[in-house]
Amino acid sequence: MYITPDEVAGVAALARLELGPEETAAMSRQLDEILGYIAKLQEVDTSQVEVMTHTQNLNNVFREDQTVPSPPRQESLANAPRQNGEVFIVPRVI
Amino acid sequence: MNPIGLTIHQLQSMLARREVSAVEATSSLFEHIHKTDKDIKAFITLAEDEALTQAKEADRRLEKGEADPLCGIPLSVKDILCTKGIKTTAGSKMLESFIPTYDATVVAKLKKKGAVLLGKVCMDEFAMGSTNEHCAFGTPRNPRNTDFICGGSSGGSAASVAADECLASLGSDTGGSIRQPASHCGVVGLKPTYGRVSRFGLIAFASSLDQIGPLTKDVTDSAIMMSAIAGYDSRDSTSVQREVPDYRQDLKLDIKDMKIGIPREYFLEGLDTEVEKTVGEALDKLREAGAEIREVSLPHTEYGAAVYYIIAPSEASSNLARYDGLRYGLRNEQAESLIEMYNKSRSQGFGDEVKRRIIIGTFALSSGYYDAYYKKASQVRALITEDYKKVFQECDLLASPVTPGPPWKIGEKIDDPLSMYLSDILTIPANMAGIPAISIPCGFSRDRLPIGFQLQAPHFGESVLLHVGYSLEQRLGLGGR
């Protein structure tokens, strides 16, 4: 077994997802099968291989530190589920 | 004159001669969409008012002799690209009412050229899927036979082009999401080199793999679209500063003595016999044209899907962490605490496939598993890329099928994610290495469903893909349909 239902529940909690018992069971079965397939990577000898991070050999990209206009506040707030014209409103944090 | 069924270059010459106006062309297309899209279901949002305003403006420019090949051309855009003032859902309930405040760079470029944006088309939720069955707003159907999948994730793009609901479309390709639906619907789909096209305004799935590209009715249109969207953008630091060629210019070059490699690993056990036969016949055409066909080996091909299903979900789990119900997107209003708001909003907003991938990615990146999964996958990714480098020393490009089989029936693989994942094994490696690849229709299965032919080239080899693709299209006589 590559992943247990308990592990699925634990990872889901880390990812801020709530799964019901049936969802967890179904997901565990599917993920176990997928991870079983992925396990074939262990056949490959990678002891001498560097980790690939980019497809192009790009160097760091610098630009002048200049200010550019930001979107107006009303636009930035326009898609918010709740806002008061000045800030985003969220449930009590503290 | 009716514009339905025309290519971009055909409509463009009619517009230039003023045989039809952009407003007439746009209105006829909407009329056509209202009839056909009841069955095809390619569109999520139609932007009729905006499109007609753009068409009027295009007509003004055309009257003055505007020569841009896209001026007045009606297009559709995958709903993963931000469009200012027009709802952009990414196929997810999470973004059901999201209205971007800016245009993606590619959208802005098309608008500037005078193109007309008819609306936003369907996709698998956050581009995760190969069938468009994972779209929160319905599943588009394959216009060639509506019982079958149109492919994914740019399924609405491919279906809208194949159903003549637009002249061309923009899609995005993370593991085959342009080429696979193009193959299944019988249109041309090009995934450019990573960095060739700006990703600014593309809703992110897997940032080291995502690339935007065109779906068109023929190779000439693909060249026209590529010239319009390619180029450096200071707002995407992974876009590359490199001159954009006029892709249309080289289309008619001879292909004599070009070296085309056939990767033997792509003709694997389980490859559909009709696909193998049709692709073989297309290769014969290229041989007749004077190309030299030789067998080559990409030994790590078989690991591509395994690498992909670590790297893509890992990047997705990070990219999709931004959907927290706070600044935009769906929020569960019953939640009493912040954590509960995150949990409930995300659980309600994301569909099953997206949850599955977020969980795989979170697992692969979690402490204790990182070396075994993400690090290992990134190393095998380097080997896949190395395979290409070696092979491109002895050939100019690679030819193969796009998918192991023709499209399947809607619903057939919905409960079997692994089997769906494995349908992408021939398209994934190009994304791993960041090289360009194109899917070109090369024939039909016995059920009259399209079969695609894939060409892959070294980094920034779009010109050679289009040029050899054009030659193939001419010889197969399938150009423009």
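Chains as they are written, first to last, in the working numbering: chain A, 11 to 104; chain B, 714 to 1194. Glycine is no exception: its CB is placed at the ideal position from the N, C-alpha and C atoms.
Per DSSP, which residues does residue i bridge with? Please list them.
i	result
Lys791/B	Val834/B
Ala943/B	Val910/B
Glu85/A	DSSP output for Glu85/A lists no bridge partner at all.
Ser1038/B	Reading off the sequence shown, one finds Gly at residue 1038/B, where the question assumed Ser. DSSP output for Gly1038/B lists no bridge partner at all.
Ser885/B	Ile925/B
Pro1114/B	Phe1166/B
Val829/B	Pro787/B
Gly1156/B	Ile1164/B
Ala1150/B	Lys904/B, Gln1169/B
Leu711/B	Look at the range of chain B in this structure, 714 to 1194, and you will see that residue 711/B is not part of it.
Gln1061/B	For Gln1061/B, which the question treats as bridged, DSSP gives no partner whatsoever.
Ile975/B	Glu1008/B
Ile799/B	Thr796/B
Leu759/B	Gly832/B
Arg685/B	Any question about residue 685/B goes unanswered here, given that chain B covers just 714 to 1194.
Short check: CB of residue i to CB of residue j, under 8 Å?
i	j	result
Ile1023/B	Ala1112/B	no
Val834/B	Gly785/B	no
Val1093/B	Val1020/B	yes
Pro1119/B	Ser1158/B	yes
Ala1150/B	Arg892/B	yes
Val932/B	Val901/B	yes
Met971/B	Val1181/B	yes
Arg857/B	Arg1161/B	yes
Asn1144/B	Gly888/B	yes
Ser935/B	Pro1163/B	no
Ser1058/B	Arg1044/B	yes
Gly804/B	Asp837/B	yes
Leu1148/B	Tyr1101/B	Just to set this straight, residue 1148/B is Ile in the shown sequence, not Leu. Against a cut-off of 8 Å, the Cβ pair of Tyr1101/B and Ile1148/B comes out as a contact.
Ala176/A	Ile1071/B	Missing from the structure shown is residue 176/A; chain A here goes from 11 to 104 and no further.
Ile793/B	Ala755/B	no
Lys826/B	Ala943/B	no
Ala88/A	Thr814/B	yes
Leu928/B	Leu724/B	no
Met37/A	Val18/A	yes
Gln40/A	Arg1069/B	yes
With DSSP collapsed to three states, give me the class of residue i.
i	result
Val54/A	coil
Phe861/B	strand
Lys1122/B	strand
Arg1007/B	strand
Val901/B	strand
Leu1178/B	helix
Lys754/B	coil
Ala1048/B	coil
Ile891/B	coil
Arg1194/B	Model confidence at Arg1194/B stands at a pLDDT of 44, short of 50, so the residue's coordinates are unreliable; what they give is reported in the following sentence. In the structure shown, Arg1194/B sits in coil (DSSP, three-state: anything other than H, G, I, E or B).
Ile717/B	coil
Gly30/A	coil
Phe98/A	strand
Arg948/B	coil
Gln93/A	strand
Gln723/B	helix
| request: With 7 Å as the limit, tell me which residues of the segment 26-54 of chain A have their beta carbon closer than that to any beta carbon of chain B; keep them in chain order. | output: Arg26, Leu27, Glu28, Met37, Gln40, Leu41, Glu43, Ile44, Tyr47, Ile48, Lys50, Leu51, Val54
| query | What residues from the segment 65-83 of chain A come within 8 Å of chain B, judged by C-beta to C-beta, listed N to C? | reply | Thr65, Gln66, Leu68, Val71, Arg73, Pro81
| task | Evaluate contact between the segment 732-752 of chain B and the segment 958-970 of chain B, counting only Cβ atoms and requiring at least three cross-stretch pairs below 8 Å. | result | no
| Near-chain A residues of the segment 807-826 of chain B (beta-carbon distance less than 7 Å), N- to C-terminal order | Phe811, Ile812, Thr814
| request: Below 8 Å between beta carbons is the criterion; list the residues of the segment 88-99 of chain A that meet it against any residue of chain B, in chain order. | output: Ala88, Asn89, Ala90, Pro91, Arg92, Phe98
| query | Is the segment 996-1009 of chain B touching the segment 1135-1154 of chain B, taking contact as three or more C-beta pairs under 8 Å? | reply | no
| query | How about the segment 726-741 of chain B and the segment 759-774 of chain B: do they share at least three Cβ pairs that are nearer than 8 Å? | reply | yes
| field | the segment 1061-1077 of chain B / the segment 795-812 of chain B touching (three or more Cβ pairs under 8 Å) | value | yes
| Using 8 Å as the threshold, is the segment 910-919 of chain B in touch with the segment 810-824 of chain B, meaning 3 or more CB pairs across them? | yes
| Cβ pair count under 8 Å reaching 3, the segment 55-72 of chain A against the segment 1025-1044 of chain B | no
| Where the segment 892-904 of chain B meets chain A: residues whose CB sits under 8 Å from a CB there | none
| said: When you compare the segment 70-88 of chain A with the segment 1097-1110 of chain B, are there three or more beta-carbon pairs, one atom per stretch, that lie closer than 8 Å? | reply: no
| When you check each C-beta in the segment 1146-1177 of chain B against every C-beta of chain A, which residues fall closer than 9 Å? | Ala1146, Gly1147, Ile1148, His1172
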